[in-house]
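Input: a single structure, listed below in structure tokens.
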Amino acid sequence: MGAFEYRQALEIRDVFSRHGVRYLFIGKSGAILLGYPDTTQHADLFPDKSPINTRAVVAAPGNWDFR
18 MGAFEYRQAL EIRDVFSRHG VRYLFIGKSG AILLGYPDTT QHADLFPDKS PINTRAVVAA
78 PGNWDFR
């Protein structure tokens, strides 16, 4: 997989929103969403650990189209 891109951050945001996932983007992914330039090649994502949110996180990945 290549570098994490803005469109991927938006797609994660949109899919998690549809599934009601509570999460926090930090590091480069958070910077990308705020419009800062590309800085690293990874994303740090910290979903809330509640049981309901965990089920939503498990259901969400089949809904994005990373290549």
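The end of the sequence shown is residue 84 by this note's numbering, with every number in the run present.
For glycine and all other residues, C-beta sits at the position ideal for the given N, C-alpha and C.
Along the beta strand (DSSP E) that carries residue i, what are the first and last residues, could you check?
{"i": "residue 64", "result": "61 to 64"}
{"i": "residue 41", "result": "40 to 43"}
By how many angstroms is the C-alpha of residue j removed from the C-alpha of residue i?
{"i": "residue 52", "j": "residue 72", "result": "30 Å"}
{"i": "residue 19", "j": "residue 65", "result": "26 Å"}
{"i": "residue 81", "j": "residue 28", "result": "6 Å"}
{"i": "residue 22", "j": "residue 48", "result": "11 Å"}
Could you please give the first and the last residue of the uninterrupted alpha helix (DSSP H) stretch that includes residue i?
{"i": "residue 23", "result": "23 to 35"}
{"i": "residue 78", "result": "Looking at the DSSP string, residue 78 is not in any alpha helix (DSSP H), and its letter there is neither H nor E."}
Leaving aside the five residues before and after residue i along the sequence, list all residues of the same chain whose C-beta is less than 6 Å from its C-beta, in chain order.
{"i": "residue 39", "result": "65, 70"}
Which whole-angstrom value is the C-beta distance of residue i and residue j, which I expect to be below 8 Å?
{"i": "residue 10", "j": "residue 50", "result": "Because the chain in this structure spans residues 18 to 84, residue 10 falls outside the shown range and cannot be described."}
Below 7 Å CB to CB, which residues in the same chain sit around residue i once its five sequence neighbours on both sides are set aside?
{"i": "residue 33", "result": "40, 77"}
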